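*Asks:*
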Amino acid sequence: MPMTEEQRRQFSPGPRTTMFRIPEFKWSPMHQRLLTDLLFALETDVHVWRSHSTKSVMDFVNSNENIIFVHNTIHLISQMVDNIIIACGGILPLLSAATSPSTELENIEATQGMSSETAVTFLSRLMAMVDVLVFASSLNFSEIEAEKNMSSGGLMRQCLRLVCCVAVRNCLECRLRQRDRNCKSAGSKSQDGLHAAGTASKDPDRLLQDVDINRLRAVVFRDVDDSKQAQFLALAVVYFISVLMVSKYRDILEPQREMGRSASLSGRSIRHEINSPTSTEHPSSTLSQCDKQTAVTADDSSPRAGLPHTDSGIGEEGHTGGSLNGSETGREVDRERASGMGAQADLLCALSDVGRSHESLLDSPRNPDGRQAPPSSISGISHTNKGINVKEILKSLVAAPSDGSDSGQESGPTPYQPDPTLKSYPALPMQFHSFDRSVMVPAKKPPPGSLSVNTVGTPTAGGAASTPNIFAAAVTPKSMINTTGADSVVAAAAAFVNGATSKNLPAVQTVAPMPEDSLENMSAYCEVAQCALRSSQTPPELKSFSSLAGFQTTPRDAGQCFSITTKLERALEKVAPLLREIFVDFAPFLSRTLLGSHGQELLIEGLVCMKSSTSVVELVMLLCSQEWQNSIQKNAGLAFIELINEGRLLCHAMKDHIVRVANEAEFILNRQRAEDVHKHAEFESSCAQYAADRREEEKMCDHLIGAAKHRDHVTANQLKQKILNILTNKHGAWGTMSRSQLHDFWRLDYWEDDLRRRRRFVRNAFGSTHADVMLKSLDDYGSVDEHDGSVKSKKSFRSQSAVAQNPEADLMLEGDDDAVSLLQEKEMDNLAGPVVLSTPAQLVAPALMARGTLSVTTTEIYFEVDEDDPAFKKADAKVLAYSEGLHGKWMFSEIRAVFSRRYLLHNTGLEVFMANRTSVMFNFPDQATVKRVVYSLPRVGVGTSYGLPQARRISLATPRQLFKSSNMTQRWQRREISNFEYLMFLNTIAGRTYNDLNQYPIFPWVLTNYDCEELDLTLPGNFRDLSKPIGALNPKRAAFYADRYETWDEEGAPPDHYATLYSTAHSTLTWMLRIEPFTTFFLNTNQGKFDHAERTFSGVGRSWRNCQRDTADVTELIPEFYYLPEMFVNGNEYKLGVRDDGLPVSDVELPVWAKKAEDFVRINRMALESEFVSCQLHQWIDLIFGYKQRGPEAVRALNVFNFLSYEGAVNLDNLDAAQREVIEAQIQACGQIPSQLLIEPHPPRSSAMHLCFLPQSPLMFKDQMQQDVIMVLKFPSNSPVTHVAANTLPHLSIPAAVTVTCSRLFAVNRWHNTVGLRGAPGYSLEQAHHLPIEMDPLIANNSGTNKRQITDLVDQSIQINTHCFVVTADNRYILACGFWDKSFRVYSTETGKLTQIVFGHWDVVTCLARSESYIGGDCYIVSGSRDATLLLWYWSGRHHIIGDNPNNSEYPAPRAVLTGHDHEVACVSVCAELGLVISGAREGPCLVHTITGDLLRALEGPKLCRQPRLISVSSEGHCVIYYERGRFCNFSINGKLLAQMELNDSTRAVLLSSDGQNLVTGGDNGVVEVWQACDFKQLYIYPGCDAGIRAMDLSHDQRTLITGMASGSIVAFNIDFNRWHYEHQNRY
């Protein structure tokens, strides 16, 4: 139902007011307390001044030291004076009460919360301060006024107001006390109030007290030099004294009337108290019946909008406390109020009553309280101070009044003239001009007995003249009352001023004889209405003062007359001199100001009168005359009311200022309080956070301690197992032949070589034949293919997972703009505490995801698995046995690379590669945590292999950014790296890792022919088309997949060609089924069963055919197909079932052209590196890693897979736990597409022919135009050269071929890299004649042999051979062994001096070996001894010593002790890339140790191969051993004998090429022979030399062979292994 208009008006909120309004000022107890304390502090200081023994108070006040204190105190007083005056009742209400016959205190100001007693106390204290600081000082206040932004002269005007208020209060107290003596029946309350209010020191008969007179004199004459200000003050004082003087005269003249009134005072006092404005809402209800005629109408007494209304007047229209503003003209009918006695009683009650406060609009009566007399310091101001000046002025004025007036007009200030510009206003309704706005108040009929004002604009009917009222309400104190003429009757006078407070000024009372009317109807003889400018016509009821019958015409008895004169003399004897003094001193100004009704100067006659007589009566007669009364009322009254109004304005402004400042202070305090609360809350929060951090830190410490215990337990078990292996091994101390017959189980180690190949097998303590494992039956697979089932099951989550249905949406991946993340790297601050970072994490291992906590300290990484995790408890114990890092600790010094990784298609993983060639992978809650972890780890980037800076931003870079920033593509194009190495690089940066079987590295099928007897790698038909995905090679199957995509009918999922990916965890485990730990992983994910024999990987050819025919098989290969022959051998003899054709499944059936697994891997790798594959490989990269991976190009290439395989397909964070589990299972089943590395075609590889003349790669093809022997260099010494070290890298400071002879004379022969540069950039004919080796000048000149001779004695039983010396990679140091003190020693090649002696063996050191060096020159040194042990040492390329610590170079500790030999160690070789040490003793097999000291196996050769003499190991995994009597054996690093041969020559040196494919031998017959390492097929025989070969080495580019001859010379052979490459032989 809609609201009616009436309801709308009823519920209307009314006119809108401002949003913020300054509230009314209230004197709260806190204000009063603060002011009290402040005044007490100031008074204490003044009291200290008073109590000084030598200085007076004036000395302190006028001292420069106290000027700031005095200024500030005076400013404080000026701010408070007007407020305290108003709080005491206001000057006008007090003056009205003091001059009224009834002594009524009616129209009192609002106190606003401060009691009268408190206000009077403050008033007295301020007065005392003014006496001391103002009247007793000689300071110039103009500076203070200018500094404090006050009006000029404002301070003295404030002092005058203060003095007037104190004086009039003293007068009022004296009158009340005198009245109390005359009326004892006034009650004890009034009596107590009087005694409390007054003091005995006040003389009630005097008009003003002496101290008040002195203060008035001080106010007027203090700054008399400021004539204008002094004139204004004098005028106001004249009016003030005149009003009080005439009132006093009236009181003396008419004591009977006062006696009559006092009779009813007692009865009315209590009732009038109830009628006080503290309850003015309905004041009439509290009046007695006898007071109804004086009831106050309270129509306007209710609060208006909450604003204070402090306007008050005397005798307004029926309002006890109201104010009358506006234009008022008319006749004033002065009547005696019937309630007049009540006002007196109210005053008496208020004097003794505790202060009340009220918030009415009407003015509140104040409770004035007497105070003790001011300090006597004011008495120091004497009237005689101005005596001389007064007499002189008086004399001059009396002598020549006209001259004096003229001169006074010329020299004195301009008199205060009325402003004639203001107009008269006609009659208006009575208005209240409140401080804020005007409120129209209807005129009301005055109740009987009250004063009435006729608001008419013409004279009354009785012919009486109007008596215009004075309003002193003005915006500025200079506002004047307008008069229509000086001589004419003022018809109307008004001042409408908004925003100012108008008050009523008491008139100078007209004293008239008592009429014969009754007391109740008697007219008042003094006007208590607003200040009226008396016209020249006196109303008929008022008699002229000049015809004052009661004083002269009809005198009473002589006694009474004498009494009146005596009383006048006594009352005015102190005031009259001050008034005369003012008249005389300010005669020029007053004569122009106090003019008669016809403009005549009144003061001259008065001065003559005062000159002729000093009688007080004459002065009273003068002032009570009609002309003087009208003039004082008209002129001096204006000055006084202006003074009062200025105080009111300052009071209101100060109140507003105080409220405003208080609001600001409250705001500041509230803000500070809020800040304090906030700080306190922050403090509490920080304390709570600190406590939580401490608890977390303690928890972390407990966690770390627990983790350390777990690690110690694991380490102890490993050490125990290692010791057992050493002792119980066939070659150990407790080894027996019977134990060696037991079955040894092996597993693939996690060690990776430089190409990230895992080839090393180690003993498996958990190995078994899994004889109890069953096979799956066909029924276990169901009627539908496993992969197709996964496709159907995804319907259950299609609605929430199909977020990337358009493959084109995934074209732009994060990191398209390289600048986004390749920003300036920010270093982390050094964080204190044991743990820099701790975060929940998941250890990602093959077939395991273990939740736990990752903690990073300043030097280590810790991971502690959460063993209480339900998923961890469900994990297979066998899988956990193969998982490393569950209680892991990794040192920062061991970290070599950090890669960002994906896990379940989210970029929240991190893979850390260690110096021990293993890696560990973690998954974190979010990418921010990944970033924090990376910035907590060392700055290693992604390692040093890919040409990228070692910076944290590189570790956080996207795969696409890594691809663009790396130099590997260019190196591959230039054929500096192989196809295998480049594919491993792409897999690594694309997120493929060994730690996540679902993201295992991907390699292509490259061969298609698995059935022929001999595989011809020169036929293109034997190679796969790498431009097509594996599913599109068969045209029929390609058509099937294309049709599947076109006829896609499953809603909610985008179409695809294939249900599963080319690489999944299941396919990886299928390939690797036969080797541990993958066998255990397979069983764990396959319900603990082997696959059915028909589904098991049983033959390479069968698998190829399946992925060409089976619509559910599009599997690509894994890297192991190209380097790990053990994966094809069922070495652990698993029972894998029997196929349908009756053949058992054991070893993988190899192609016919591969006689053994090693052959298949070798040929497959040759095919991968062939020219056919090199020319097409970039197209396969486009399919797997490039622009054909997704989008339209993928659709055209038939290369679209299940959408869940793509990054960004689904956001797992938005799914609930059940949905997430389903999605993760599907991602695991479908596989994960590698990160897209490029969105444009991959560049092809450069042709081999284009690079045929560049010598950088061993696979380059060159023509056979160079001679076999490059040069022969004969040393002066004929001692056989037993050791050659060709460290010829160009970046070395001294590329050289270092030689050492049997006599231990070494030579550093400078290497010039000029061989084979014909056709290369920078080649010249002059360079062609340079020889590659320049003889050491110290040897050639035979001048510095002492710097090249190792003079230390060796053991005589040692035969010096090539194994006795090692040269560091920088050619700066030579290590030699064979010394009698069982040490080996380090010598500087520059000086020949001994730099270090290393002890460690128990017998003479017989052989040394050095591993390959890396950046910085660090490498491993292995020493073999007659004590049948070997020690593994670490050579520091930085400090050039054995050991890590340069401070302990005298006693370095070996890294490992290798045992197992029974005889003197004769030869040793170490390969850091493989982490293996292979050594041979005088008798017995060669042993293979890891660089951590574990004995892996013995290389058991044929029956006659029992005395090894030479060992050469390549990083490709070939180990060639030469035995006594010309027998050679080639072993794999896993102990399998690959080939053997026997030579007639006594071989002294063997060497494998860097790729391990070729073997170079040399012996006593002086012939260098080249062999094919895999089958010892002889490839080439160099021309024979005239002496036997004792040592040989290859240059870094594998192009020059340097041999040391028995004749003391070296021969450089030109060698090119490329010419024996099958492609080179077939083409050229």
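Each step along the sequence shown adds one to the number in my numbering, with nothing skipped, and position 499 is 499.
Every residue, glycine too, gets a C-beta built ideally from N, C-alpha and C.
Here the structure is a predicted model, which means the values were calculated and not measured.
Is the separation between the beta-carbon of valine 1148 and that of arginine 1139 shorter than 8 Å?
*Replies:* No, the Cβ-Cβ distance between valine 1148 and arginine 1139 is not below 8 Å.
*Asks:* So, with DSSP's three-state summary, where would you put alanine 771?
*Replies:* It is coil, neither helix nor strand.
*Asks:* By Cβ distance, which residues of its chain are closer than 6 Å to threonine 1547, with the 5 residues on each side in sequence left out?
*Replies:* Within the same chain, threonine 1547 has close Cβ partners Tyr1522, Thr1561 and Gly1563.
*Asks:* Might you give, ordered along the chain, the residues of its own chain that have their beta carbon closer than 8 Å to the beta carbon of serine 137, omitting 5 neighbours on each side?
*Replies:* Hits under 8 Å: Met58, Val61, Asn62 and Val70.
*Asks:* Thinking just about the alpha-carbon of each residue, which of Val1366, Met1271, Gln1356 and Trp1311 is nearest to the one in valine 1300?
*Replies:* When each option's Cα is compared against that of valine 1300, the closest is Val1366.
*Asks:* Classify cysteine 1012: buried if its beta carbon has 16 or more other beta carbons within 10 angstroms, exposed otherwise.
*Replies:* Cysteine 1012 comes out exposed.
*Asks:* For the alpha helix (DSSP H) that valine 616 lies in, which residues bound it at each end?
*Replies:* Start and end: 616–624.
*Asks:* From Ile1333, Ile641 and Phe1275, pick the residue whose C-alpha is nearest to that of arginine 1348; which is it?
*Replies:* Taking only the C-alpha atoms, the option nearest arginine 1348 is Phe1275.
*Asks:* Let me know the secondary structure DSSP gives lysine 889 once reduced to three states.
*Replies:* Lysine 889 falls in the strand class under three-state DSSP.
*Asks:* To test your reading of the DSSP string, which unbroken alpha helix (DSSP H) runs of 4 or more residues are found completely within the region 897–942?
*Replies:* Within the region 897–942, the complete alpha helix (DSSP H) runs of at least 4 residues are 927–936.
*Asks:* Between glutamine 743 and phenylalanine 863, what straight-line distance do the alpha-carbon atoms span, to the nearest angstrom?
*Replies:* The sequence shown places histidine at residue 743, rather than the glutamine named in the question. If you take the alpha carbons of histidine 743 and phenylalanine 863, they lie about 35 Å apart.
*Asks:* Assign serine 1609 to one of three DSSP states: helix, strand, or coil.
*Replies:* Strand, per DSSP.
*Asks:* Which whole-angstrom value describes the C-beta separation of leucine 748 and phenylalanine 761, a residue pair presumed to lie in contact below a C-beta threshold of 8 Å?
*Replies:* At roughly 6 Å, the Cβ-Cβ gap stays under 8 Å, so leucine 748 and phenylalanine 761 are in contact.
*Asks:* Among Ser152, Arg1385, Glu1120 and Lys1036, which has the Cα closest to the Cα of valine 1404?
*Replies:* Answer by Cα proximity: Arg1385.
*Asks:* State the CB to CB distance for the pair threonine 1389 and arginine 1590, rounded to an integer number of angstroms; the pair is presumed to be in contact (CB under 8 Å).
*Replies:* In fact, because the Cβ distance is near 20 Å, the residues do not count as touching under 8 Å.
*Asks:* By the DSSP assignment, the beta strand (DSSP E) with tyrosine 946 in it spans what residues?
*Replies:* From DSSP, tyrosine 946 is part of no beta strand (DSSP E); its letter is neither H nor E.
*Asks:* Under a three-way DSSP split, which group does tyrosine 1622 fall into?
*Replies:* Tyrosine 1622 falls in the helix class under three-state DSSP.
*Asks:* Pick from Lys1089, Cys1486 and Leu1019: whose alpha carbon is nearest that of leucine 778?
*Replies:* Measuring from the Cα of leucine 778, the nearest candidate turns out to be Lys1089.
*Asks:* Applying the 10 Å Cβ sphere with the 16-neighbour rule, what's the burial state of histidine 598?
*Replies:* Exposed.
*Asks:* Run the CB neighbour count on serine 1609, radius 10 Å, all protein chains shown included, and call it buried at 16 or more, exposed below.
*Replies:* Buried.
*Asks:* Kindly list the residues whose CB is nearer than 8 Å to the CB of proline 1454, restricted to its own chain and excluding five residues on each side of it in sequence; keep chain order.
*Replies:* The residues are Gly1400, Leu1431, Leu1432 and Trp1433.
*Asks:* Quick one: what does DSSP say threonine 1395 is sitting in, helix, strand or coil?
*Replies:* Here threonine 1395 sits in strand by DSSP.
*Asks:* Pick helix, strand or coil for alanine 1065, following the three-state DSSP scheme.
*Replies:* Here alanine 1065 sits in helix by DSSP.
*Asks:* How many Å lie between leucine 1124 and alanine 1286 at the Cα?
*Replies:* So the two alpha carbons sit approximately 32 Å from each other.
*Asks:* Specify the secondary structure class of histidine 1283 as computed by DSSP and reduced to three states.
*Replies:* Here histidine 1283 sits in strand by DSSP.
*Asks:* For aspartate 1370, is the classification buried or exposed, using 16 other Cβ atoms within 10 angstroms of its Cβ as the cut-off for buried?
*Replies:* The residue in question, aspartate 1370, is buried, as its Cβ has 16 or more Cβ neighbours within 10 Å.
*Asks:* Under 8 Å, with one C-beta from each stretch per pair, do the region 1562–1577 and the region 1535–1542 reach the 3-pair mark?
*Replies:* Yes: at least three Cβ pairs fall under 8 Å.
*Asks:* Rounded to whole angstroms, what is the Cα-Cα separation between cysteine 1585 and cysteine 1377?
*Replies:* Spanning the two alpha carbons is a distance of roughly 29 Å.
*Asks:* Who are the near neighbours of tryptophan 1636 in its chain, counting only those whose CB is closer than 7 Å to its CB and skipping five residues on each side?
*Replies:* This structure leaves residue 1636 out entirely; the chain is present only between 1 and 1628.
*Asks:* Determine the contact status of leucine 208 and leucine 176, defining contact as a CB-CB distance below 8 Å.
*Replies:* Cβ atoms of leucine 208 and leucine 176: not closer than 8 Å.
*Asks:* Classify glycine 1142: buried if its beta carbon has 16 or more other beta carbons within 10 angstroms, exposed otherwise.
*Replies:* Looking at its Cβ environment, which holds fewer than 16 other Cβ atoms inside 10 Å, glycine 1142 is exposed.
*Asks:* Three-state secondary structure (DSSP) at glutamate 808?
*Replies:* With a pLDDT of only 34 at glutamate 808, under 50, the local geometry of the prediction cannot be trusted, and the value read off the model is given with reservation. Three-state result, glutamate 808: helix.
*Asks:* In angstroms, rounded to a whole number, what distance separates the CA positions of glycine 1298 and threonine 944?
*Replies:* Per the sequence shown, the amino acid found at residue 1298 is valine instead of glycine. Valine 1298 and threonine 944: Cα-Cα distance of roughly 29 Å.
*Asks:* Let me check understanding here. Comparing Cα to Cα, which of Pro1280, Arg960 and Asn967 lies closest to proline 949?
*Replies:* Among Pro1280, Arg960 and Asn967, the Cα nearest to that of proline 949 is on Asn967.
*Asks:* Which one of Leu904, Gln999, Leu595 and Pro577 has the shortest CA to CA distance from isoleucine 1184?
*Replies:* Ranking the options by Cα distance to isoleucine 1184, first place goes to Gln999.
*Asks:* When the Cα of glycine 1416 is compared with those of Leu983, Ser1436 and Val920, which residue comes out closest?
*Replies:* Residue Ser1436 is the option with its Cα nearest to glycine 1416.
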